[in-house]
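Heads up, the thing below is written out as structure tokens.
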Amino acid sequence: MPNGVLASVAGTMGAVWLLTGATAIAQEGQAKAPAGKETLDRTFGVRSGGDDEAAEVQKRVDAISDETDDLLAQYRTVLKQIDSIGIYNQQMRKLVASQEAELVSLENQLARVQGVGRSVTPLMLIMIDAIETFVALDVPFLIEERTERIVELRKLMTRADVTNAEKYRQIMEAYQIENEYGRTIESYRGAVELAGRETTVDFLRFGRISLVYQSLDQADSGVWNRETRSWDRLDSSYRSAIR
Numbered sequence: 046m047p048n049g050v051l052a053s054v055a056g057t058m059g060a061v062w063l064l065t066g067a068t069a070i071a072q073e074g075q076a077k078a079p080a081g082k083e084t085l086d087r088t089f090g091v092r093s094g095g096d097d098e099a100a101e102v103q104k105r106v107d108a109i110s111d112e113t114d115d116l117l118a119q120y121r122t123v124l125k126q127i128d129s130i131g132i133y134n135q136q137m138r139k140l141v142a143s144q145e146a147e148l149v150s151l152e153n154q155l156a157r158v159q160g161v162g163r164s165v166t167p168l169m170l171i172m173i174d175a176i177e178t179f180v181a182l183d184v185p186f187l188i189e190e191r192t193e194r195i196v197e198l199r200k201l202m203t204r205a206d207v208t209n210a211e212k213y214r215q216i217m218e219a220y221q222i223e224n225e226y227g228r229t230i231e232s233y234r235g236a237v238e239l240a241g242r243e244t245t246v247d248f249l250r251f252g253r254i255s256l257v258y259q260s261l262d263q264a265d266s267g268v269w270n271r272e273t274r275s276w277d278r279l280d281s282s283y284r285s286a287i288r
């Protein structure tokens with residue numbers, strides 16, 4: 046075969062081989078393409094799932110943040126309350142200290158009274174008279190109880206088996222009881238004269254500021270008038286408040 050023909054055949058065969066190889070490579074690339082797509086899908090899928098988890102975590106963080114803000118607000122409120130309580134306790138400590146100082150003073154007076162002997166008896170009688178006058182001029186609450194206490198003090202003063210120190214102590218106790226009435230609120234049942242007859246009523250006392258009554262059928266109410274020293278009738282608008 047002539048050399049020219051051989052060269053032509055060789056060139057043709059080389060071209061066929063190159064074409065065949067290129068075709069094989071292209072087919073191989075096409076075969077592998079789905080695998081690459083699947084990888085890409087998985088990648089984006091993972092990312093999408095990660096975004097969902099991040100959003101869920103953010104929601105939890107926001108919820109915890111809101112709860113923390115609420116707790117912080119409550120904490121600040123409690124701090125304010127503690128400050129108020131601290132101021133109140135400080136004032137109460139001053140009051141207690143003052144009362145303790147007064148008690149020490151009274152105890153010192155009591156110690157001196159024990160040495161005074163007969164000269165203290167007139168003083169104690171004057172103190173009892175003072176309580177009796179005070180009760181008579183005061184708002185008329187618990188009259189029987191308070192009057193009975195004064196009667197018992199007068200009986201005590203006639204007893205030789207009771208020391209002057211004990212007599213003085215009980216008189217001072219009566220003073221303290223009267224003093225406490227001014228700082229307390231209480232309700233009790235008693236009697237009041239209405240329209241010329243004694244009527245059972247419910248009383249409500251606010252320290253020594255106010256004393257009101259209401260009949261048991263709630264049809265009649267009144268308040269003590271300090272100036273006229275008599276009862277003023279209250280209209281029906283006060284009945285529910287007293288009840």
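Position in the sequence shown counted from 1, then plus 45, gives you our numbering.
In this text, a Cβ means the ideal position worked out from N, Cα and C, and glycines have one as well.
Taking 8 Å as the threshold (C-beta atoms), are residue j and residue i in contact?
i           : j           : result
residue 251 : residue 232 : no
residue 209 : residue 149 : no
residue 194 : residue 155 : no
residue 170 : residue 202 : yes
residue 179 : residue 243 : no
residue 230 : residue 199 : no
Judging by CA-CA distance, which residue of the options is the nearest neighbour of residue i?
i           : options            : result
residue 237 : 113, 203, 117, 276 : 276
residue 240 : 221, 132, 260      : 260
residue 227 : 207, 167, 254      : 254
residue 192 : 134, 177, 205, 204 : 177
residue 234 : 212, 219, 258, 220 : 258
residue 262 : 256, 245, 278      : 245
residue 152 : 273, 138, 211      : 211
Starting from residue i, trace the alpha helix (DSSP H) both ways and give me its first and last residue.
i           : result
residue 214 : 209–226
residue 204 : Careful: residue 204 lies outside any alpha helix (DSSP H) and carries neither H nor E.
residue 264 : Careful: residue 264 lies outside any alpha helix (DSSP H) and carries neither H nor E.
Is any heavy atom in the ligand MN found nearer than 7 Å to the beta carbon of residue i?
i           : result
residue 101 : For the structure depicted, the ligand MN is absent and the ligand set is empty, with no information on it obtainable.
Just curious, the beta strand (DSSP E) that residue i is in, first and last residue?
i           : result
residue 257 : 255–260
residue 178 : Element bounds for residue 178: not the beta strand (DSSP E) but the alpha helix (DSSP H), 165–182.
residue 245 : 242–251
residue 279 : 275–279
residue 232 : 230–239
Between residue i and chain C, is any beta-carbon pair separated by less than 8 Å?
i           : result
residue 123 : You won't find chain C in this structure, because it holds only one protein chain.
Legend entry - Validate contact between the region 261–268 and the region 171–186 using beta carbons, cut 8 Å, 3 pairs: With the cut-off at 8 Å, the region 261–268 and the region 171–186 do not touch.
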